[in-house]
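2 protein chains.
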Amino acid sequence: MIKKQLIMEKALELFAKQGFEATSIQQITEHCSISKGAFYLSFKSKEELILALIEYFMTKFISDIDHQVTEAENEELLFTFYYAIFNSFYEHSDFAKVLLKEQTQTFNESFIVKMHEYDRLLDKIILTMIERLYGEEVTYTKYDLVYCIKGFIGNYSKLLLFYSTPVDLNLLAKSLVEKTNLLAKYTTITFISQELIESMNLPIHGEVTKEKILEIIEQKIVEMEESIEKESLVLLKQQLLEPTLNPAIVKGLLGNIQNHPHCKWVSYLLRNYFEY
Amino acid sequence: MIKKQLIMEKALELFAKQGFEATSIQQITEHCSISKGAFYLSFKSKEELILALIEYFMTKFISDIDHQVTEAENEELLFTFYYAIFNSFYEHSDFAKVLLKEQTQTFNESFIVKMHEYDRLLDKIILTMIERLYGEEVTYTKYDLVYCIKGFIGNYSKLLLFYSTPVDLNLLAKSLVEKTNLLAKYTTITFISQELIESMNLPIHGEVTKEKILEIIEQKIVEMEESIEKESLVLLKQQLLEPTLNPAIVKGLLGNIQNHPHCKWVSYLLRNYFEY
DNA sequence: TATACTAATGACTAATTGGTCAGTTGTCAA
DNA sequence: TTGACAACTGACCAATTAGTCATTAGTATA
Chain Y
1 MIKKQLIMEK ALELFAKQGF EATSIQQITE HCSISKGAFY LSFKSKEELI
51 LALIEYFMTK FISDIDHQVT EAENEELLFT FYYAIFNSFY EHSDFAKVLL
101 KEQTQTFNES FIVKMHEYDR LLDKIILTMI ERLYGEEVTY TKYDLVYCIK
151 GFIGNYSKLL LFYSTPVDLN LLAKSLVEKT NLLAKYTTIT FISQELIESM
201 NLPIHGEVTK EKILEIIEQK IVEMEESIEK ESLVLLKQQL LEPTLNPAIV
251 KGLLGNIQNH PHCKWVSYLL RNYFEY
Chain C
1001 MIKKQLIMEK ALELFAKQGF EATSIQQITE HCSISKGAFY LSFKSKEELI
1051 LALIEYFMTK FISDIDHQVT EAENEELLFT FYYAIFNSFY EHSDFAKVLL
1101 KEQTQTFNES FIVKMHEYDR LLDKIILTMI ERLYGEEVTY TKYDLVYCIK
1151 GFIGNYSKLL LFYSTPVDLN LLAKSLVEKT NLLAKYTTIT FISQELIESM
1201 NLPIHGEVTK EKILEIIEQK IVEMEESIEK ESLVLLKQQL LEPTLNPAIV
1251 KGLLGNIQNH PHCKWVSYLL RNYFEY
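So the protein sequences, as listed, match chains Y and C.
Take the first sequence: its position 44, counting from 1, is numbered 44 in the numbering used here, and each next residue is one higher.
Take the second sequence: its position 2, counting from 1, is numbered 1002 in the numbering used here, and each next residue is one higher.
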């Protein structure tokens, strides 16, 4: 397990520099100072490694952003959102670079499907956010606005990541908040409609089922050492199987696990499931 | 020469689907129904082919956009600009796809340098355009605005190219015109300053020199068959060596060659040089 | 110490890569 | 018909790729 972590970290460094295709397993193993065979003990192929990386970081990323957005007050919501995203990219800049590099690359079918899935989750977060902020004001423009916001994120991330300029994240977030507000308030002509979005998202993936969440919880429970968080997870698992607890208690339990580094994704899934 | 064209076209198809790295010369030669040796008679390496493709399309693209922008009246300027760009992308969608796919890819040093060069030319066109449109109104926000406009182009191009949805270019351009006007008129907080731009553009490339233009003109003259356009080029070449002609005549000559498919780039360079 | 086990190695394979070059073909003018 | 020359071919090369597997090293238990 620890070796898996090492490989993922070192591989990510190379992927960020060279991209997936241009990075050979040879290079990865050399960069880890392990043998080729050792690599294949941890991952059964290069593809599996890449998917593991995507999964690991995207679950962390999405759940973190979602948490910050749901916690924030309306007045600071947009700022918090932008700041959290860019900060996340900054902290995991290698992964963010890979993301930007490979987003239009036709590397692999399952890779694209996976990315699309997470992209949809981000869409949902942004949509909820602007509905909360602007309400009926943006009924007809909200999908266009979501696309613009994602565009801002992508474009300014490029700047952040590929030009080694020290950057004032505060100013960046403030500037994007203003732009977003402008577009939200004054836009009348939209290009992106709900229909267009839906026709693009044909491969819609079913919601995460209760069984899937259970599976993930059980795995986490096995992995974790005894702690309040583990105990909370066990209780939440029981609640999932048979709802008996008071909503306040459930919320409390969710709060318990939110900040545990390995539980953010589970926490996100459960919050969605219990509708908090 | 005709074979070179064939290879470029067929290679572009494959590049658009798979990207540079993932496309082998084997594949290209098979797709052209020629032998490997024949490929190396036209291009001395894969890299040379790619650079030739970039050069061929980007010169066409930049000069075309510049022409349309300089010709347009202020009222329709922004619309013309967006429409021309997306239309160009639509017409040469394979090339546009390659462009989007490879823009963050670290394929090759000279490739990046070349792309950066053309990117700067586009920057200049956009900057001139918004200065003309908004004047002093955007003195402090214009660099930020340029970046946003380029962002819009990139983001919406992705939609255009990678989702096979039939698209209303007219609506798209109109919607972006509105957004651009909004940002131009109301933006107060900017993230991108002139200093930031300049610090990013460290590898500034010197202007195209008179000698370089002469070189290109001479090559074109050799390639072209007898025609008004060729005659115009010869006269413009003399004017370049020894300015004797009336500005009106020069402008007329430039007009003569503007619409010749192989002279657009030369025309662009000359217009810049003679400052029309 | 002997046994049993997993973790790790790196030489190996088969396939593919970009690129070369001796030889073949086709097309002219003499 | 001949000779000259450019266009073209595809077998070939060295390098590199993802992935395998017999072998060995290390370690914990009996």
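Every residue, glycine too, gets a C-beta built ideally from N, C-alpha and C.
A quick note: this is a predicted structure, and the numbers were derived from the prediction, not measured.
By how many angstroms is the C-alpha of residue j removed from the C-alpha of residue i?
| i | j | result |
| --- | --- | --- |
| residue 275 of chain Y | residue 1112 of chain C | 48 angstroms |
| residue 1094 of chain C | residue 231 of chain Y | 55 angstroms |
| residue 1186 of chain C | residue 191 of chain Y | 21 angstroms |
| residue 114 of chain Y | residue 1167 of chain C | 26 angstroms |
| residue 150 of chain Y | residue 246 of chain Y | 38 angstroms |
| residue 1022 of chain C | residue 1101 of chain C | 12 angstroms |
| residue 1014 of chain C | residue 1008 of chain C | 10 angstroms |
| residue 69 of chain Y | residue 1177 of chain C | 31 angstroms |
| residue 1059 of chain C | residue 266 of chain Y | 52 angstroms |
| residue 117 of chain Y | residue 1251 of chain C | 55 angstroms |
| residue 1123 of chain C | residue 6 of chain Y | 42 angstroms |
| residue 1146 of chain C | residue 1182 of chain C | 13 angstroms |
| residue 1209 of chain C | residue 1273 of chain C | 9 angstroms |
| residue 126 of chain Y | residue 82 of chain Y | 11 angstroms |
| residue 104 of chain Y | residue 1099 of chain C | 10 angstroms |
| residue 1072 of chain C | residue 1140 of chain C | 25 angstroms |
| residue 1020 of chain C | residue 1027 of chain C | 12 angstroms |
| residue 189 of chain Y | residue 195 of chain Y | 15 angstroms |
| residue 1243 of chain C | residue 1129 of chain C | 29 angstroms |
| residue 1156 of chain C | residue 224 of chain Y | 44 angstroms |
Would you please verify whether the beta carbon of residue i is less than 8 angstroms from any beta carbon of chain Y?
| i | result |
| --- | --- |
| residue 1095 of chain C | no |
| residue 1155 of chain C | yes |
| residue 1188 of chain C | yes |
| residue 1255 of chain C | no |
| residue 1175 of chain C | yes |
| residue 1264 of chain C | no |
| residue 1047 of chain C | no |
| residue 1191 of chain C | yes |
Taking 8 angstroms as the cut-off, decide whether the C-beta atoms of residue i and residue j are in contact.
| i | j | result |
| --- | --- | --- |
| residue 143 of chain Y | residue 197 of chain Y | yes |
| residue 173 of chain Y | residue 138 of chain Y | no |
| residue 92 of chain Y | residue 57 of chain Y | yes |
| residue 240 of chain Y | residue 221 of chain Y | no |
| residue 133 of chain Y | residue 74 of chain Y | yes |
| residue 263 of chain Y | residue 229 of chain Y | yes |
| residue 233 of chain Y | residue 249 of chain Y | no |
| residue 1039 of chain C | residue 1029 of chain C | yes |
| residue 36 of chain Y | residue 50 of chain Y | no |
| residue 1097 of chain C | residue 1011 of chain C | no |
| residue 1086 of chain C | residue 1169 of chain C | yes |
| residue 47 of chain Y | residue 108 of chain Y | yes |
| residue 1254 of chain C | residue 1270 of chain C | yes |
Tell me which residues share the same chain as residue i and place their Cβ nearer than 7 angstroms to its Cβ, disregarding the 5 neighbours each side in the sequence.
| i | result |
| --- | --- |
| residue 206 of chain Y | For residue 206 of chain Y, the predicted model reports a pLDDT of 48, less than 50, meaning its position is unreliable and no value from the coordinates is stated. |
| residue 1002 of chain C | none |
| residue 1180 of chain C | 1078 and 1149 |
Is there a Cβ from chain C that is less than 8 angstroms from the Cβ of residue i?
| i | result |
| --- | --- |
| residue 77 of chain Y | no |
| residue 203 of chain Y | Note that residue 203 of chain Y scores 47 on pLDDT, short of 50, meaning its location in the model is unreliable and no value can be drawn from it. |
| residue 206 of chain Y | Caution is warranted here: a pLDDT of 48 is assigned to residue 206 of chain Y, below 50, making its placement in the model unreliable, and the coordinate value is therefore given only provisionally. No, residue 206 of chain Y does not count as interfacial toward chain C. |
| residue 105 of chain Y | yes |
| residue 152 of chain Y | yes |
| residue 100 of chain Y | yes |
| residue 22 of chain Y | yes |
| residue 86 of chain Y | no |
| residue 158 of chain Y | yes |
| residue 39 of chain Y | no |
What is the residue span of the alpha helix (DSSP H) that residue i lies within?
| i | result |
| --- | --- |
| residue 172 of chain Y | 169 to 186 |
| residue 1252 of chain C | 1247 to 1258 |
| residue 15 of chain Y | 2 to 18 |
| residue 1042 of chain C | 1036 to 1042 |
| residue 74 of chain Y | 74 to 91 |
| residue 52 of chain Y | 46 to 71 |
| residue 1155 of chain C | 1142 to 1162 |
| residue 1192 of chain C | It is not in any alpha helix (DSSP H) - residue 1192 of chain C carries neither H nor E in the DSSP assignment. |
| residue 27 of chain Y | 25 to 32 |
Beta-carbon within less than 6 angstroms of residue i's beta-carbon, same chain only, minus the 5 sequence neighbours each way: which residues are those?
| i | result |
| --- | --- |
| residue 237 of chain Y | 217 |
| residue 1088 of chain C | 1061 |
| residue 1152 of chain C | 1176 |
| residue 1268 of chain C | 1063 and 1066 |
| residue 54 of chain Y | 114 |
Cutting at 8 angstroms between CB atoms, please list the residues of its own chain near residue i, excluding the five before and the five after it.
| i | result |
| --- | --- |
| residue 1131 of chain C | 1138 and 1142 |
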